[in-house]
Ligand code: VGL
Ligand code: ZN
């Protein structure tokens, strides 16, 4: 077994719509993570291991309170507070409850773009998420649906896993450590970090999963982040500071 360390940087959804002052779903204080992320982008890993994700929704995405599929809702849906039940399009018995949001990160709109000021030239690959209008997708790896997966399972070394494009890339690149930053800490960063631990186990790659705390802000602010952090740590995610990462990697 090789003991080589091969870290990947995973930048989640650092897009204009998640940022003040004009983002449709602006995360409080979101822009303050940019210097931390640019510092991480300048660390000496190969560009192919510097990945970013984008929330990439069609204008009719199910998570928008305004979507045509919710027009008959009574009372009308309120962004941030109303919930909906999402059904697996290929198995009506499988459902999950999710929140609705203002329309955000719509394909081909300015809010979909990676943040102004992010050092995008150093990002080697962008993975798109939330493209299927029928389901919500917080994790950058996969939706919460299991039965059967909406997309064909990915094949890695002849074995099929439902781990998404991102999972396949991390396997193929022989990554050992995944360093996660981005938006939002209480939604997509949390879901992606939990899936990173879970998929690392499913694929027996055992990825160590790190979150750099200065590189994350949450929709619900610091108090909600403190709760999310505890849950993440209880699943084995290591929440650390930028200096720890600079020393280690
Ligand atoms: C996100 C809400 C809706 C996120 C994406 O990136 O955390 N949150 N869509
Ligand atoms: Zn979204």
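Residue numbers (our numbering): 38 to 286. Even for Gly, the Cβ is constructed at its ideal location relative to N, Cα and C.
- Sequence-distant partners of residue 261 (beyond 5 residues in either direction) whose C-beta falls short of 6 Å from its own C-beta, in its chain, are 223 and 255.
- If one requires a minimum length of 4 residues, the alpha helix (DSSP H) runs lying completely within the region 167-230 are 201-209, in chain order.
- Residue 200 holds the alpha-carbon nearest to the alpha-carbon of residue 233 among 200, 81 and 209.
- Comparing C-alpha distances from residue 90 to each of 202, 130 and 68 shows the shortest one belongs to 202.
- Distances from the alpha-carbon of residue 140 to those of 191, 46, 210 and 93 put 93 closest.
- One Cα belongs to residue 143, the other to residue 96, and the distance between them is close to 6 Å.
- Here the region 49-67 lies against the region 151-159, with 3 or more beta-carbon pairs under 8 Å apart.
- For residue 247, no alpha helix (DSSP H) run applies; the uninterrupted beta strand (DSSP E) run containing it begins and ends at 245-253, by DSSP.
- Contact between residue 282 and residue 217 is ruled out by a C-beta separation of about 11 Å, above the 8 Å threshold.
- Each of 92, 94, 100, 141, 142 and 167 has a C-beta closer than 6 Å to some heavy atom of the ligand ZN; these make up the full list, in chain order.
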